[in-house]
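Remarks on the structure that follows.
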Amino acid sequence: MSTRAALWIRRPGAWVEIASWAALVAFVLFTIGPALLGHGTFLNTGLLNRFTPWADTFQSTTQSSNVFDSDTIDSAAPQVSLLVRLAQEGVFGAWNPYVAGGTELGGLPDSGAWSPLSLPWWVLPFSYAPGAVKLLEIVVVTVGMALLLRRWGVPRAGWPIAAIVYSASGFMVAWTNWPQTRVAAFIPLLFWAIDRAATERKLRDVVAVGVALACMLLGGFPAIVGYALFTGGIYFVARSIVALRSVRGVLVSAAIAVGGIVFGLFLSAWQLLPFAVNAANVIDFGARAQSGGGGTLGYLSLVSSWVADIANDESRGDAWSGRNPVETASFVGIAVVVLIAAALLVRPRVQRAAGIVWILLGLLALSVVLVYVGGPVLAAIRELPVFDSNPIGRMRCIVGFLAAALAGIGFGRLVEPEHLLDELRRLRSSRPLAWIGRGLVVLIVLAAAAGVAYQTRMALYSVPVPHLHELKVDVVRTAVIGALTALAIALVWFFRSRVLAAVAGVGVIAMVVVPAISSVQAWWPIAPVSTFYPSTPALKYLENHLTDQERFATAGQAGLPGSASYFQIRSLTGHTFQTQEWKQLMTAIDPDVYVTPTYSSLRPTNLPSTISSPLLDRLAVRYVISDPSAPLVGQADPSTPSTAWADLTKTNPSVDSPSNTGPINGIEFTGPPAPTNSADGMDLTVSIVADDTGKTLTSTETWVPGLGGGRAVALEGDDIPASTSWHAEITVTGQDKRVPIGTDADGKAAITVVRPKAGDDVTVAHTGDATIYELGGTDDRVRWASSQTVVQKAADRVDTLDDPATPADEVVLSKPTKHTAGGGDAELDVDSSDPNATTVDVDAEQGGWVVVEDSLQRPGWSATVDGKSTPLVAADHAGGAVWVPAGKHTVAVSYTVPGLSAGLVATIGSVLVAIVVGVLVVVLGRRRRRAGPGAEPTGSTEILD
């Protein structure tokens, strides 16, 4: 050990610094450590056991501790995995053909795949990548906080504290595994670069600002970038004025900062330009509009900043605030609140960055007002871009960052304080204004403490009675932690004792990191690797039976609509941005299809009627997957009322129904009057048994966590002859208590028989882990149209397509064309192996149309016939059609990312310019140094250092 290191480690403050860095390591190990060691995946795929068809595969009643991040396994991870898989095959995945008729993929930053923090997805196994991504986030946060706090003169012990607080803040925790946190992780680095630009006036800071900004823009969530630039702009103005105190200096710094922003925009232009094109043509900003001073998170969510569960049972389900906890989680901890007060109260031994605390406190106060309070200030700011189209609650990322930075400063002042007696001695010779100022600071801190206590007390009135006792205990625990933290800081401030300072410092570290770990662990469950998107019998059925010319559709959350990207199966529904034309077709099929503006899935209760929509045939839907207990499709016979109960037990697990005859799609029966669950779940088996031979005609088995109330069970029984007499046998095994089943007066199971509906051509194709219906008469996704009609009004066009009288070989065009189909047939050989294109070899008797029933009404799509460009005509409302003359021809319909070429030119150009300017800076710097200190400068080189 070197002499310098030996001397350093003998200092009592060194042990506090070691403890603070050890706390950061402990935070990582106790939260994501198991995933990093390979003992599970950090993606919450354990949540799949709540959804069909995985529930039957997992057969587990254990629930994930986070039930609110299904989007990460339904949309975010499938998109990134698809893009990476295609890249590994040597294909740039510009287009995702698997969800909602197709959507943009690699040309947009939405998935977050192009963030530098997403590198693990490209080089590591998919199940391991999420944990590595989170580790990189924490590393980037730590580096950013260290660089920023170092500039402010904060002792090193405060750096990891700030990193822990920000990494464990509500936004960074709740949005984990979405792109949002990969963007927000760079906020400290952006502020570090802004601080440099505001105070140093060096040309190199253009690069610092630009690189940090580009990393954020490539992360895929521009609203976070907007919030950061808004706050960073205010910070820049205040910081540069305080530091430089000259108009010229501020203007030079502003030029550097603006140059950095422009450089960052150019660096990320290869993604920004395509995003701008897509946003202008696909995203419905009207549905996302925000205005006025309302819509804030409210005081209850603010109190959750120091009492984590005050608004909801963390990530586990109950949310009495009326909001999704992902959108409201704000926890930083009461110790952080006390450290912020310490940053204001305790003066540093050496003042290095004047005004920083007040600037940060002002920004924190503004952010808190915008996020939690609202009013005229929010109404005015919502006139700005970004704020006018995004929920203000997502600005919690700024609240968490500012709180973390102030906590780091506060802890630094605990490590190197100006002791109170020293300050009082200094104030004796100061002007009265200094005494007044310090008095106001004390009043501000006391008022804040009173506000915290009052709001906490008021928040308890909103807590439901079943949770009230637990929350009161949490409040007491919070008060104790806050009091101990305040006591530790006060002791160090009042008394000169190195040992006391070391003990108090370690104690405060514990007050910060232990609640942080505790609050994070519920939000960040580690799932077994075996749960990472396992295949199931239902998924294998779809993979084996669907062709590239067909699609399936989801009902409810069965199959998780967005996961089709992971399994690479074409779906009608999905979780992605969708064009207005596609949405209009979808709502014509089912008015309730959109759960959110980007989440489409057929409503299970509507399925018996919507499944017969002609549009499903038109859009090449061959199968529909639904939950095994969802309402059955078909025609129900008159039901038999249940008047008694048969108790199914381990020794008597079955009950038979009265006899029936003929084909069926399933049965409905009455389960226990109250939900009856089993610790390990139960197996429900329904068999249709021939009365004369005892032969099982069809049967299905499904694992269920419990039974209660009415239950529907689909069966593959459409081929049972009309003359065959049968009865249903209902069997429950694995139960740990009796399971009552409704019966008639004779003790037979009271069932309702649901039969195939004449004319629907819908049959049950698969049962068990999921119910899959097969639709007969489905049109091909790419087909030949030998006739055409023109309908120019959108509503009339959709009605025409939804009319069963519209022939399958007729294309509905949006505008008149010079071509008219001649009525002849054609043979098509379709190649869809390239996800970005569809190639069709056509042998046509007469001229006609090749129609592609994908979501093509957006920029980027083009068509060729025999290699020559040809118009891609709007057809069937959302799709496209290509005119093909008689004879043999090759048609190609392909997608190219609009704006990508221009964006790449801008990005590459900006890199080259940065290299050239960098070389000039180095050369000019060397010449100046060679000229010596006495040389006469030829011009200002202030910004070239």
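If you count the sequence shown from 1, you need to add 1 to reach this note's numbering. Using N, Cα and C, we set each Cβ at its ideal position, and we do this for glycine too. Computed from a predicted structure; not experimentally measured.
Looking at C-alpha atoms only, which residue of Val92, Ser170, Ala169, Trp179 is the closest neighbour of Pro131?
Nearest option by C-alpha distance: Trp179.
Leu776 in three-state terms, based on DSSP:
strand
Buried or exposed by the 16-neighbour rule on C-beta atoms within 10 Å, applied to Ala903
exposed
In the DSSP assignment, what residue or residues form a beta bridge with Leu136?
Leu136 pairs with nothing; no bridge assigned.
Out of Leu617, Gly672, Ala281, Thr699, state which residue places its alpha-carbon closest to the alpha-carbon of Gly707.
Closest option to Gly707, Cα to Cα, is Gly672.
Just the C-alpha distance for Leu44 and Trp115, rounded to the nearest angstrom, thanks.
19 Å
Assigned secondary structure, Arg931 (DSSP; H/G/I helix, E/B strand, else coil)
helix
Can you tell which of Thr42, Ala746, Ile752 has its C-alpha closest to the C-alpha of Ala78?
Thr42
For His767, the three-state DSSP class (helix, strand or coil)
strand
Below 7 Å CB to CB, which residues in the same chain sit around Gly233 once its five sequence neighbours on both sides are set aside?
The beta carbon of Gly233 is closer than 7 Å to those of Leu191, Phe192, Ile195 in its chain, skipping five residues each way along the sequence.
Less than 7 Å between the CB of Ser536 and some heavy atom of the ligand PLP, yes or no?
The model on display carries no ligand, and the ligand PLP is accordingly not part of it.
Taking Cβ positions, are Ala786 and Val885 nearer each other than 8 Å?
no
Exposure of Asn653, with buried meaning 16 or more beta-carbon neighbours within 10 Å:
exposed
Note down the Cα distance separating Pro841 from Ser601, rounded to an integer number of angstroms.
Correcting the residue type first, residue 841 is Val in the shown sequence and not Pro. C-alpha separation (whole angstroms): 29 Å.
Quick one: give me the first and last residue of the alpha helix (DSSP H) that Asn279 is part of.
270 to 282
Expected contact under 8 Å - CB spacing of Ala729 and Ile689 to nearest Å:
6 Å
Leu125 by DSSP, collapsed to three states: which one?
coil
With a threshold of 16 other CB atoms inside 10 Å of the CB of Thr177, please say whether the residue is buried or exposed.
buried
Identify whether Ile490 lies in helix, strand or coil by the three-state DSSP scheme.
helix
Along the chain, where does the beta strand (DSSP E) containing Tyr542 start, and where does it finish?
Per DSSP, Tyr542 belongs to no beta strand (DSSP E); it is in the alpha helix (DSSP H), 538 to 546.
Cβ-based neighbour list, Val208, same chain, cut-off 8 Å, excluding 5 preceding and 5 following
Gly261, Phe264, Ala915, Gly919
Residues bridged to Gln789 (per DSSP):
Val812
Give the DSSP-derived three-state secondary structure of Phe93 in the structure shown.
coil
Simplified DSSP state of Glu828, which is helix, strand or coil
strand
Going by the beta-carbon positions, is the gap between Pro110 and Phe276 smaller than 8 Å?
Yes. Within cutoff.
Please identify the residue among Val283, Ala198, Arg249, Ile225 whose C-alpha is closest to the C-alpha of Ile257.
Put simply, of Val283, Ala198, Arg249, Ile225 the residue whose alpha carbon is nearest the alpha carbon of Ile257 is Ala198.
In three-state terms, what does DSSP make of Ser863?
strand
I need the straight-line Cα distance from Lys1 to Trp727, nearest angstrom please.
Within the shown structure, residues of the chain are numbered from 2 to 946, placing residue 1 beyond reach of any answer.
For Asp591, which residues of its own chain have a beta-carbon under 7 Å away from its beta-carbon, when the five flanking residues on both sides are left out?
Leu603, Arg604, Asn607, Thr611
State yes or no: is the beta carbon of Val690 nearer than 8 Å to at least one beta carbon in chain D?
Protein chains in the displayed structure number just one, and chain D is not present.
Judging by CA-CA distance, which residue of Ser241, Arg859, Leu268 is the nearest neighbour of Ser911?
Leu268
Runs of beta strand (DSSP E) wholly within the stretch 655 to 722 (minimum 3 residues, chain order)
655 to 662, 665 to 671, 677 to 691, 697 to 708, 711 to 718
Across which residues does DSSP place His728 in a beta bridge pair?
Ser660, Val690
Measuring CA to CA, which of Met396, Trp123, Val917, Val453 is closest to Met173?
Met396
Would you mind giving the Cβ-Cβ distance between Val372 and Gly394, rounded to the nearest angstrom? I have them listed as a contact below 8 Å.
6 Å
Just checking my contact of Ala879 with Ser856 at CB under 8 Å: how many whole Å lie between their CB atoms?
5 Å
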